[in-house]
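Right, one structure below, let's go through it.
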Amino acid sequence: VISSKQSGPVFVVEPPNKIHFSNSTGAIISCVGKGNPVAKISWELADGSEVHDIPGLRHVRPDGSLMFPPFPSQQFTQEVHGTVYRC
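Going by the working numbering, the residue at position 11 of the sequence shown is 15; the numbering climbs one at a time, nothing skipped.
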């Protein structure tokens with residue numbers, strides 16, 4: 005008899021509701037889930053579109069974290085640094 009117990013995905017580390025960071029420090033937002041089958045971590049914008057890397061401004065790491073590296077102040081964009089993200 006083979007047993008395959010499945011469980012829906014649940015957060016192990018849930019991202020905060022709001023994060024503030026400066027352009028000189030950047031930020032990393034963690035999101036960790038578990039489930040059976042293995043939970044796939046992805047990020048989306050408020051409109052439901054998938055988050056993609058923007059070199060030097062935004063990066064989705066292999067561990068599922070969303071990273072905003074330090075950047076020159078003139079590279080601030082509302083669409084990247086002042087928007088809603090959902091894990």
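Yeah, the Cβ is synthetic: ideal placement off N, Cα and C, and Gly gets one too.
Remember, predicted model here, so these are calculated numbers, not experimental data.
In the three-state scheme derived from DSSP, where H, G and I count as helix and E and B as strand, H63 is classed as strand. For F25, same chain residues with a beta-carbon under 7 Å away, outside a window of 5 residues either side, are A31, F72 in chain order. In the structure shown, the three-state DSSP call for S11 is strand. Annotation: Q79 to G86 spans about 12 Å, alpha carbon to alpha carbon. The straight-line gap separating the alpha-carbon atoms of P59 and A50 is approximately 21 Å.
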